[in-house]
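Novice:
In this note's numbering, the protein residues as written are 4 to 168.
(1) Can you say whether residue 60 is buried or exposed, counting buried as having 16 or more other CB atoms within 10 angstroms of its CB?
(2) Rounded to whole angstroms, what is the Cα-Cα separation between residue 102 and residue 20?
(3) Is the region 115-127 in contact with the region 145-154, if contact means three or more CB pairs nearer than 8 Å?
(4) Compare the C-alpha of residue 98 against each of 78, 121, 12 and 82 and name the closest.
(5) Can we say the region 41-56 touches the region 74-90, given the rule of at least three CB pairs closer than 8 Å?
(6) Who are the near neighbours of residue 160 in its chain, counting only those whose CB is closer than 8 Å to its CB and skipping five residues on each side?
(7) Using only the alpha-carbon positions, how far apart do residue 147 and residue 67 sit?
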């Protein structure tokens, strides 16, 4: 949580008896790793990597299905969508697999989701575009970012530093 009013923040810290806490430049330590120290490491990390890739494609395929459904509604309302719908994606591998059929061998485990997404791309219904890390607003909530990346993203969401109240 990022609070913008100095007095309000100070009151919360006082109520929690945390006035003496050391301020940090980021909500999380930048090199922090989210894992249990006591659990064993994965024997084969590629299983995890494939799972993440599959999840990315599932979410893209779900988005395409939703967009297709909405396009039918627009068509029923006589609203024409003359161009491809831009889909923003942070996974360059997913975009490359969509645009280049050479990567087909790598997509066998993804099956239907990948092919659905690729077919809609080939027919011009969607156009996947990479979103750079510096523009990923969700990273504020999901990653530990250095202050140089944190404040520009917060300003895009209309948050201000606590001392600017």
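No residue lacks a Cβ here, since even glycine has one placed at the ideal position from N, Cα and C.
Note that this is a predicted model, so its numbers are computed, not measured.
Specialist: Walking through what the data contain:
(1) By the 10 Å Cβ count, residue 60 comes out buried.
(2) Distance between the alpha carbons of residue 102 and residue 20 is about 55 Å.
(3) Segments in contact, no.
(4) Out of 78, 121, 12 and 82, 121 has the C-alpha closest to the C-alpha of residue 98.
(5) The region 41-56, when compared against the region 74-90, does not touch it at the 8 Å Cβ threshold.
(6) Non-local C-beta neighbours of residue 160 in its own chain, meaning closer than 8 Å and more than five positions away in sequence, comprise 140 and 143, ordered along the chain.
(7) Spanning the alpha carbons of residue 147 and residue 67 requires a straight line of approximately 30 Å.
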